[in-house]
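Asker:
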Amino acid sequence: MTRGIIRRSVLVLAVLSCVSWGLSVSSVSQAACGAVTCFVVIGSQQQIPQEGLLTFNGIYNYTPMRLLSGTNGVIPAIDQAQRRLILDHHQEVRTVTQTFTFDLNYGITERLGVEVTIPYMWRTHKHIDGLGEDGPNGEGEQTRFSADGIGDMRVGLKYNAHATLSSMVVLGFGVYLPTGSIKDRDNTGEVMEAPTQLGRGQIGLNPTIYQTYELIPHRLNQFAFGSYRHTFRNNDGYQFGDEWLLNIGANLVTVPWLVLTSQFNYRYLVHDNMRASLFQSAPPTPGGGIEPTELDPNVINRPVPNTGSTYLAFSPGFQISMDGLIDSPLTKMTSFYFYAQIPVARDSNNNLAQGTSFIFGITKSFQVLQPKG
Amino acid sequence: MRHRATGLVVWGVLLFIWMQGQSIESLAMGSRPPATGMAAEDFALQDLSGRVHRLSDYRGKIVLVNFWATWCKPCTTEMPAMQASYDRIRDKGFVVLAINELEDEAKVREHIAQYKHTFPVLLDKDNRVANQFGVFGLPVSVFIDEKGVVQEYIKGGLLTEQKIDDIVARIQKQEPVKAASIR
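Chains as they are written, first to last, in this note's numbering: chain W, 1 to 373; chain R, 374 to 556.
#1: Answer with yes or no whether the minimum CB distance from residue 47(W) to chain R is below 8 angstroms.
#2: Identify which residue in 210(W), 315(W) and 285(W) has its Cα closest to the Cα of residue 262(W).
#3: Quick check: the segment 345 to 355 of chain W against the segment 64 to 81 of chain W, are there 3 or more CB pairs under 8 angstroms?
#4: What is the DSSP secondary structure of residue 107(W), reduced to helix, strand or coil?
#5: Can you name the start and end residues of the alpha helix (DSSP H) that residue 482(R) belongs to?
#6: Taking just the CA atoms, how far does residue 336(W) sit from residue 361(W)?
#7: For the segment 505 to 541 of chain R, which segments carrying the alpha helix (DSSP H) assignment without a break, of at least 4 residues, lie completely within its bounds, in sequence order?
#8: Taking the beta strand (DSSP E) that residue 297(W) falls in, what are its first and last residues?
#9: Going by Cα to Cα distance, which pick from 458(R), 514(R) and 492(R) is closest to residue 422(R)?
#10: For residue 278(W), which of helix, strand or coil comes out of DSSP?
#11: Measuring alpha carbon to alpha carbon, tell me which of 225(W), 265(W) and 71(W) ends up nearest residue 210(W).
#12: For residue 81(W), tell me which candidate among 119(W), 247(W) and 182(W) has the shortest Cα-Cα distance.
#13: What residue range does the beta strand (DSSP E) around residue 222(W) cover?
#14: Give, in chain order, every unbroken run of the beta strand (DSSP E) that is at least 3 residues long and sits entirely within the segment 69 to 107 of chain W.
#15: Can you give the Cα-Cα distance for residue 293(W) and residue 251(W), rounded to whole angstroms?
#16: Between the C-alpha atoms of residue 174(W) and residue 326(W), what's the straight-line distance to the nearest angstrom?
#17: At which residue ranges does the segment 123 to 191 of chain W contain complete beta strand (DSSP E) runs of 3 or more residues, listed in the order of the chain?
#18: Between the C-alpha atoms of residue 333(W) and residue 436(R), what's the straight-line distance to the nearest angstrom?
#19: Tell me the rounded alpha-carbon separation between residue 135(W) and residue 229(W).
#20: Quick test of the definition: if touching needs 3 or more C-beta pairs under 8 angstroms, does the segment 267 to 279 of chain W touch the segment 120 to 129 of chain W?
#21: What residues in its chain sit with their C-beta under 8 angstroms from that of residue 419(R), if we drop five residues either side in the sequence?
#22: Could you spell out the range, first to last residue, of the alpha helix (DSSP H) harbouring residue 313(W)?
#23: Quick check on residue 81(W) - is its C-beta less than 8 angstroms from some C-beta in chain R?
#24: Does the structure place the segment 145 to 163 of chain W close enough to the segment 102 to 115 of chain W that three or more beta carbon pairs sit under 8 angstroms?
Now the structure itself:
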């Protein structure tokens, strides 16, 4: 069996607040990273596209997770099949998640928008399984996991509650759909643990708030984005902990086609919870082969140790508007962006911690319907 | 307990951010465009020479209030048409008030001099008049009749000489407002 460390999904977004109906290219984006979370505010994804404007985003995200120094990565095993939580049964090594997110934003009215986010994920994970049990001295055996596929899709509505030329507040509400697999297996043929699967196996609710203000009109703007995600318990008895995100940053328009961004990203993850009985692994011992001891046979809701984390990152980045560089139909309302998310402070609870992540993206908008007026 | 405290802190910060700079009135009303057929609220703004222009000063004329900025391509694209119409029909009671939004006065002055615009250019330095007219994207053009009533509210769409002439002619004939333009 395995254990994973990882978790969560992502959200992200955007900024850049050009308020011109005709000029502004809504560069939108969101990255969902499954177990790991990359959550950078990227373009104007949080904003409402102009009425009748359809914006496509393609975002690639690379997010590695490794152990922090001073931690050993020994965590419990999640046994969904037998509803067991086995303490100290795994030792985490690393996880790498790559996500390509396809994101669509459409302005239904000038203030109301709809957004659909479809993540496609590649995840590799490595850990040592069966501490006290497997291996000549109970040191466990290395297990690998690799999977790819669609993660949990998100569908949401956004409303511009306070619209002026210099500021806006956008309220959003999204629903995560359980479209990601929760039955992928590791190299030993066992079903991988819930936190490492591509999906969560249950619906999630996701209210958001985005705010931006033009400090120096059309030159420098600040933004903030907050998000809360609650996922219900899935059929395996596993419930991902609530996720709180807060992003604060600023965009500087240097020349019309180049915008520099800096932002701080904070994430707080509540402990996961599992409906399971409780077992304890034996410590590695010469000879090994010691079965975990049953501590509590009652199948009840239990917080999962070593889940939950706190993460603060600094994310510099830039956005290039092709519209301002090359005058052609292909580059119209098109932009590229790149961000690096650099950890500043991490408390991973003796689990794997998110390392420096990278995000590349492209945004392209199409005026599907002409706004009235 | 720790979770609840963190949650409260996060939402507290978000609420603070939202409240900053927001007046009670703006929270309640947002920034909404005036409906066609309603009286336009009066305003007073200085032009580039420091002279104060009030909307009510132009009662008896058809006024095109145009919200614009130099960085806004559609805005600067439609300004020559506004100038041409202004030159042609200003003697027939047509006025253009081009309201610049949130830009440096020197930059506006340079732009106006470069394109030789002669209609009054007003400076809305604190975004107040734009908010009054529900403007949160540029350009926006508002046609106001001789009685000070909003007859047309155009967002984003480019103004042409023909379009301006048609709207002015329709207002002069007192034709009913087209349903499509009611917002």
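From the three backbone atoms N, C-alpha and C, an ideal C-beta is built for every residue, glycine too.
Answerer: Reading it off the structure:
#1: no
#2: 315(W)
#3: yes
#4: strand
#5: 478 to 488
#6: 6 angstroms
#7: none
#8: 293 to 303
#9: 492(R)
#10: strand
#11: 225(W)
#12: 182(W)
#13: 220 to 231
#14: 74 to 79 and 84 to 107
#15: 55 angstroms
#16: 36 angstroms
#17: 141 to 150, 154 to 163 and 167 to 176
#18: 33 angstroms
#19: 40 angstroms
#20: no
#21: 425, 426, 495 and 496
#22: Element bounds for residue 313(W): not the alpha helix (DSSP H) but the beta strand (DSSP E), 309 to 321.
#23: no
#24: yes
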